[in-house]
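Counted the way the numbering used here counts, the sequence shown spans residues 3 to 339.
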Amino acid sequence: MRISRIPRHRRYLALFPGLALFTTLLLVGATTSFATGCEDTADAMLLSCLHEGKDDFWSGTGICLNGTDGRCQRGVRKEQKAMKRECRAQHEARLELCDDLGEDRYDPSWDPDDFTDDFNGLNPYFPLEVGNFWVLEGGGETIAIEVLDETKYIDGVTCIVVRDLVSEDDEDLEDTDDWYGQATNGDVHYCGELSRDFVYVEGDMPLLRELFEIEGSFKAGRDGDKPGILMFSSPMTGQKYRQEWSLGNAEDVAEVLSHTYSFGSDPDLDEFAPAGLVNLLCNGDCVVTEDSSPHDPGEVEYKYYAPGIGLFLEVKPEDGEVFELVECNMDARCNML
3 MRISRIPRHR
13 RYLALFPGLA
23 LFTTLLLVGA
33 TTSFATGCED
43 TADAMLLSCL
53 HEGKDDFWSG
63 TGICLNGTDG
73 RCQRGVRKEQ
83 KAMKRECRAQ
93 HEARLELCDD
103 LGEDRYDPSW
113 DPDDFTDDFN
123 GLNPYFPLEV
133 GNFWVLEGGG
143 ETIAIEVLDE
153 TKYIDGVTCI
163 VVRDLVSEDD
173 EDLEDTDDWY
183 GQATNGDVHY
193 CGELSRDFVY
203 VEGDMPLLRE
213 LFEIEGSFKA
223 GRDGDKPGIL
233 MFSSPMTGQK
243 YRQEWSLGNA
253 EDVAEVLSHT
263 YSFGSDPDLD
273 EFAPAGLVNL
283 LCNGDCVVTE
293 DSSPHDPGEV
303 EYKYYAPGIG
313 LFLEVKPEDG
323 EVFELVECNM
333 DARCNML
């Protein structure tokens, strides 16, 4: 944690979140205005996270008081300590993003006149045409993505619905409806998603998927959530941008590592990439992004996009997990997979 970056009064308040909340309320009452910068937002989210951890601690304590496991309270204390570490790691990650993206508040331009409801593949790296589908496989799981003939009206913009289904052994694990806005300049905006995670309980008859959680779901214009850019029409190496903004819930960020990728051009990007697939789809014109989130600090994912195809490879470099395209329908090269 870069304590030196935080003014002394903030360091003190971060150690005593209850006092911090009281002091914040006094300051707000005195000034009738809120701080608006990126670092101020990071500080606010640190306090929010610490208070959530305290709430979980006391809820867990109540559960333990009504149980018979003598180790229960010890486990609750351990979880609270882990939560504090996670809160501070998230805070550090958000501060680093402020360094990269600037101190201004996040307030993206949003004009419905800049969008079209004619989804005809304006973006070569993310072609949104009804019926387009991609199937990626890896680690025993399958990711099936399809552009549906459905739309979602979000804050004045008609967004297309894209279904993203993750399954294993014919059992659905994640079923997500992504909502994308197509700008007339070709940029694809990420307007929200409904994300559903499932579990299967042995002994159920019949054995059906059971909704576990909807964490990560958000919708631009609701509860302060804002859209981001999923893919620029002409991405350039070095660009870093927010893909979504739902504080404490969905905060993905992408950085363009290359917009001229081909196999052999970058050893780090080649390490887990199947040469045959890359050589089939890339001719010095593929885009590779590094996707991350301050909500999950330390976790990164490389995503590879080919013009005319879109997403064809996902790599988690930390553990070498790879999902590669095995089926698609929007280009003649799909028949060669």
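Just so it is clear, CB atoms sit at the ideal spot from N, CA and C, and this is done for glycine as well.
Inset, instruction - Please report how far the alpha carbon of L27 lies from the alpha carbon of D106, in whole angstroms. - result: Stepping through the sequence shown from its first residue, residue 27 is reached at position 25. Stepping through the sequence shown from its first residue, residue 106 is reached at position 104. Because L27 sits at a pLDDT of 44, beneath the cut-off of 50, its placement in the model cannot be relied upon, and the point is left open.
Legend entry - Residue interval of the beta strand (DSSP E) (run including Q184): Against the sequence shown, residue 184 aligns to sequence position 182. Its beta strand (DSSP E) spans residues 173 to 185.
Legend entry - Any alpha helix (DSSP H) of 4 or more consecutive residues that is wholly inside the region 239 to 323: 269 to 272, 277 to 283
Legend entry - Residue burial classification, W136 (beta-carbon count within 10 angstroms, cutoff 16): Counting from 1 along the sequence shown, the entry for residue 136 is found at position 134. So W136 ends up on the buried side.
Inset, instruction - Check each candidate in V163, L52, P114 and name the one with the smallest Cα separation from T186. - result: Mapped onto the sequence shown, residue 186 falls at position 184. Of the listed residues, the one whose Cα sits closest to T186 is P114.
Legend entry - Per-residue DSSP class, three states only, for P114: Taking the sequence shown and counting its residues from 1, the one referred to as residue 114 is at position 112. Helix.
Inset, instruction - State yes or no: is the C-beta of S294 within less than 8 Å of the C-beta of V280? - result: Against the sequence shown, residue 294 aligns to sequence position 292. Against the sequence shown, residue 280 aligns to sequence position 278. Not in contact: S294 and V280 (Cβ atoms no closer than 8 Å).
Inset, instruction - Go ahead and pull the three-state DSSP assignment for A146. - result: Locating residue 146 in the sequence shown gives position 144, counting from the first residue. If DSSP states are grouped into helix, strand and coil, A146 belongs with the strands.
Legend entry - Sufficient close CB pairs (3 or more, under 8 Å) joining the region 126 to 146 to the region 321 to 332: yes
Inset, instruction - For the beta strand (DSSP E) containing D196, list its first residue and its last residue. - result: As a first step, residue 196 must be located in the sequence shown, where it is residue number 194. It should be pointed out that residue 196 corresponds to Leu in this sequence rather than to Asp. Element bounds for L196: 190 to 201.
Legend entry - Where V163 sits in the DSSP three-state scheme: Against the sequence shown, residue 163 aligns to sequence position 161. If DSSP states are grouped into helix, strand and coil, V163 belongs with the strands.
Inset, instruction - Look at the alpha carbon of P276 and the alpha carbon of G312, and state the distance between them as a whole number of angstroms. - result: Counted from its first residue, the sequence shown places residue 276 at position 274. Counted from its first residue, the sequence shown places residue 312 at position 310. If you take the alpha carbons of P276 and G312, they lie about 16 Å apart.
Inset, instruction - Would you mind giving the Cβ-Cβ distance between R165 and D179, rounded to the nearest angstrom? I have them listed as a contact below 8 Å. - result: As a working note, residue 165 is residue 163 in the sequence shown. As a working note, residue 179 is residue 177 in the sequence shown. About 6 Å separates the two Cβ atoms, so the contact holds.
Legend entry - Nearest-angstrom Cβ-Cβ length linking E195 and F220, presumed shorter than 8 Å: As a working mapping, residue 195 is identified with position 193 in the sequence shown. As a working mapping, residue 220 is identified with position 218 in the sequence shown. Indeed, because the Cβ distance is near 7 Å, the residues count as touching under 8 Å.
Legend entry - Segment contact flag, the region 89 to 97 with the region 43 to 59, C-beta cutoff 8 Å, min 3 pairs: yes
Legend entry - Backbone secondary structure at V168 - three-state DSSP: Here residue 168 refers to the residue found at position 166 of the sequence shown. It is a strand residue.
Inset, instruction - Please classify I65: does DSSP put it in a helix, a strand, or coil? - result: By 1-based counting over the sequence shown, the position of residue 65 is 63. Helix at I65.
Legend entry - Same chain, Cβ closer than 6 Å to F24, five either side skipped, listed in chain order: Translated into the one-based positions of the sequence shown, residue 24 becomes position 22. At F24 the pLDDT is 45, less than 50, meaning the model places this residue with poor confidence and gives no usable figure here.
Inset, instruction - Report yes or no: do the region 199 to 210 and the region 235 to 247 share at least 3 C-beta pairs separated by less than 8 Å? - result: no
Inset, instruction - Look up N59 in the DSSP assignment and say whether it is helix, strand or coil. - result: The residue labelled residue 59 in the question sits at position 57 within the sequence shown. The displayed chain sequence assigns Phe, not Asn, to residue 59. In the structure shown, F59 sits in a helix (DSSP, three-state: H, G or I).
Inset, instruction - Helix, strand or coil for M338, going by three-state DSSP, please let me know. - result: Here the question's residue 338 lines up with position 336 in the sequence shown. Helix, per DSSP.
Legend entry - Distance between beta carbons of L259 and V290, contact taken as under 8 Å: Along the sequence shown, read from residue 1 onward, the residue named residue 290 stands at position 288. Along the sequence shown, read from residue 1 onward, the residue named residue 259 stands at position 257. The pair is a contact, with the Cβ atoms about 5 Å apart (cut-off 8 Å).
Inset, instruction - Have a look at E217, L339, P319, F314 and flag the residue whose alpha-carbon is nearest the alpha-carbon of F128. - result: Residue 128 sits at position 126 when you count from the first residue of the sequence shown. The option with the nearest alpha carbon to F128 is F314.
Legend entry - Beta-carbon proximity list for L130, same chain, < 7 Å, skipping 5 on both sides: Start at 1 with the first residue of the sequence shown, and residue 130 comes out as number 128. Cβ within range, chain order: F121, G123, V149, I162, Y182, Q184, V190.
Legend entry - Residues that DSSP places opposite M233 in a beta bridge: Residue numbering aside, residue 233 sits at position 231 when the sequence shown is read from its first letter. DSSP output for M233 lists V190 as bridge partner(s).
Legend entry - Beta-carbon proximity check, G286 vs P126, cutoff 8 Å: Stepping through the sequence shown from its first residue, residue 286 is reached at position 284. Stepping through the sequence shown from its first residue, residue 126 is reached at position 124. The answer is no: Cβ separation not under 8 Å.
Inset, instruction - Quick one: give me the first and last residue of the alpha helix (DSSP H) that E139 is part of. - result: For the purposes of this step, residue 139 is identified with residue 137 of the sequence shown, where counting begins at 1. Not the alpha helix (DSSP H): E139 falls in the beta strand (DSSP E), residues 135 to 140.
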